[in-house]
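Enquirer: Once you've had a glance at the structure underneath, I'll fire off some questions.
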Ligand code: ADP
């Protein structure tokens, strides 16, 4: 393999830059030319390519976002769009592609591979909702951002003896809510994987108050209900002073944690190794402390569930 390309697509995640750096430097280390594609699959269609050198990825390991930018691309859903995208890569002499992104990006990657261009996917999303990997790049940073926010809100919640409902990202999966709730010591956590019971949330708040607790933190994944709605229900049932904080896109930004940088470095490097070994539509993942790889299509059909034991534990510890 003489020339490969790298792109970031879908939702951005802290650590994507560290992954780009690892892909670029591993490729150059092995004497492979590397092309950066701007704005994901949209850039493939527009032939928005840029040659990447060792220095192109200097000073980015600590930066959130993605220097290659990212986008969502509707044209890529059409066979004509995909064909033109792959032809653009092939006519530039590109023989393999590293696609960094979430499950949508992976589905697109499978389609590219079908058109004869080998692709390796790297899981980059704050949501951690990709099967076959215990961690996705960006998840740890997003959880730390949420925990940092919880710590700060806890100060004011205690001072004013208020109930705070904090909404975190997670439309279909409660990974961020569960991890941040466990690490932040939330009284209750509402996740999409489980129906929430407002009476149980209220009972927990009242139990805490009875033993002199000055504040309550309720963590809600956005896919469950709006934090405002839950807060209004709590107020109606308890008449307590309730407030809402929606963390929103704060969770997407910021300097990646050491863990996300390490993960991105290992996964980025492995993706290039896999292309060099002739891999087709594989994704890299981490299981235990080991970087593994899987067929993307197969992986996307595997179950990937939150750890219910952690959910139960958070309830026990918030007694
Ligand atoms: P993420 O990768 O973060 O899950 P999206 O779901 O928005 O983000 O997907 C990113 C892009 O991947 C889409 O805008 C589209 O261009 C491409 N894509 C997603 N799903 C498919 C699919 N089934 N077939 C072809 N391309 C897809």
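Numbering (our numbering), first residue to last: 4 to 322.
All C-beta atoms in this analysis are idealised placements derived from N, C-alpha and C, irrespective of residue type, glycine included.
On the premise that residue 249 lies in contact with residue 230, defined as a C-beta separation below 8 Å, what is that separation, rounded to the nearest angstrom?
Expert: Taking the first residue of the chain shown as 1, we reach residue 230 at position 227. Taking the first residue of the chain shown as 1, we reach residue 249 at position 246. Confirmed, about 6 Å.
Enquirer: Cα separation between residue 106 and residue 136?
Expert: What you label residue 106 is simply residue 103 of the chain shown in a count that begins at 1. What you label residue 136 is simply residue 133 of the chain shown in a count that begins at 1. If you take the alpha carbons of residue 106 and residue 136, they lie about 12 Å apart.
Enquirer: Could you spell out where the alpha helix (DSSP H) holding residue 126 opens and where it closes?
Expert: Taking the chain shown and counting its residues from 1, one reaches residue 126 at position 123. For residue 126, no alpha helix (DSSP H) run applies; the uninterrupted beta strand (DSSP E) run containing it begins and ends at 122-126, by DSSP.
Enquirer: Report buried or exposed for residue 114, applying the criterion of at least 16 other Cβ atoms within 10 angstroms of its Cβ.
Expert: Taking the first residue of the chain shown as 1, we reach residue 114 at position 111. Buried, because 16 or more other Cβ atoms sit within 10 Å of the Cβ of residue 114.
Enquirer: Might you give, ordered along the chain, the residues of its own chain that have their beta carbon closer than 8 Å to the beta carbon of residue 253, omitting 5 neighbours on each side?
Expert: Walking along the chain shown from the start, residue 253 turns up at place 250. 148, 152, listed in sequence order.
Enquirer: What is the rounded straight-line gap between the Cα of residue 183 and the Cα of residue 87?
Expert: In the chain shown, residue 183 corresponds to position 180, counting from 1. In the chain shown, residue 87 corresponds to position 84, counting from 1. So the two alpha carbons sit approximately 42 Å from each other.
Enquirer: If you draw a straight line from the alpha carbon of residue 80 to that of residue 53, how long is it in whole angstroms?
Expert: Counting from one through the chain shown, the residue named residue 80 turns up at place 77. Counting from one through the chain shown, the residue named residue 53 turns up at place 50. Cα-Cα distance, rounded: 24 Å.
Enquirer: If we ignore side chains and look at the alpha-carbon of each, how far apart do residue 21 and residue 42 end up?
Expert: As a working mapping, residue 21 is identified with position 18 in the chain shown. As a working mapping, residue 42 is identified with position 39 in the chain shown. Taking the straight line joining both Cα atoms gives about 17 Å.
Enquirer: Could you tell me whether the segment 267-277 touches the segment 286-303, using the rule of 3 or more Cβ pairs below 8 Å?
Expert: yes
Enquirer: Alpha carbon to alpha carbon, how far is residue 118 from residue 261? Give it in angstroms, no decimals.
Expert: Locating residue 261 in the chain shown gives position 258, where the first residue counts as 1. Locating residue 118 in the chain shown gives position 115, where the first residue counts as 1. Between the C-alpha atoms of residue 261 and residue 118 there is a straight-line separation of about 37 Å.
Enquirer: What is the DSSP secondary structure of residue 172, counted as helix, strand or coil?
Expert: Taking the first residue of the chain shown as position 1, residue 172 is located at position 169. In the structure shown, residue 172 sits in coil (DSSP, three-state: anything other than H, G, I, E or B).
Enquirer: For the segment 89-106 and the segment 117-133, state whether three or more C-beta atom pairs, one from each stretch, are separated by less than 8 Å.
Expert: Touching, per the Cβ criterion.
Enquirer: Count the C-beta pairs between the segment 5-21 and the segment 31-38 that are closer than 8 Å, then say yes if the count reaches three, no if not.
Expert: yes
Enquirer: Under a Cβ-count criterion, where at least 16 other Cβ atoms within 10 Å of its own Cβ denotes burial, should residue 221 be classed as buried or exposed?
Expert: In the chain shown, residue 221 corresponds to position 218, counting from 1. Its Cβ being crowded by 16 or more others within 10 Å, residue 221 is buried.
Enquirer: Could you check the C-alpha separation between residue 302 and residue 134 for me, to the nearest Å?
Expert: Position 299 of the chain shown, counted from the first residue, corresponds to residue 302. Position 131 of the chain shown, counted from the first residue, corresponds to residue 134. Computed Cα separation, rounded: 6 Å.
Enquirer: When you measure from the CB of residue 130 to every non-hydrogen atom of the ligand ADP, does any distance come out below 6 Å?
Expert: As a first step, residue 130 is located in the chain shown; it is residue number 127 there, counting from the start. Outside the cutoff, so no.
Enquirer: Out of 47, 14, 64, which one is the CA nearest neighbour of residue 26?
Expert: As a first step, residue 26 is located in the chain shown; it is residue number 23 there, counting from the start. Ranking the options by Cα distance to residue 26, first place goes to 64.
Enquirer: Do you know offhand how far residue 314's Cα is from residue 180's?
Expert: For the purposes of this step, residue 314 is identified with residue 311 of the chain shown, where counting begins at 1. For the purposes of this step, residue 180 is identified with residue 177 of the chain shown, where counting begins at 1. Between residue 314 and residue 180, the C-alpha separation is close to 10 Å.
Enquirer: Kindly give me the distance between the Cβ atoms of residue 150 and residue 176, rounded to whole angstroms, as I take these residues to be in contact under 8 Å.
Expert: Walking along the chain shown from the start, residue 150 turns up at place 147. Walking along the chain shown from the start, residue 176 turns up at place 173. Actually they are not in contact, since the Cβ atoms of residue 150 and residue 176 sit about 18 Å apart, beyond 8 Å.
Enquirer: Taking the CB atoms as reference points, tell me whether residue 45 and residue 74 lie closer together than 7 Å.
Expert: Residue mapping note: residue 45 aligns to position 42 of the chain shown, counting from 1. Residue mapping note: residue 74 aligns to position 71 of the chain shown, counting from 1. Yes; because the gap between Cβ atoms is below 7 Å, this pair is in contact.
Enquirer: From residue 116 to residue 282, what distance separates their C-alpha atoms?
Expert: Reading the chain shown from its first residue, position 113 is the one you call residue 116. Reading the chain shown from its first residue, position 279 is the one you call residue 282. If you take the alpha carbons of residue 116 and residue 282, they lie about 10 Å apart.
Enquirer: Going by DSSP, name the residue or residues bridged to residue 55.
Expert: For the purposes of this step, residue 55 is taken as residue 52 along the chain shown, with counting starting at 1. Residue 55 pairs with 37.
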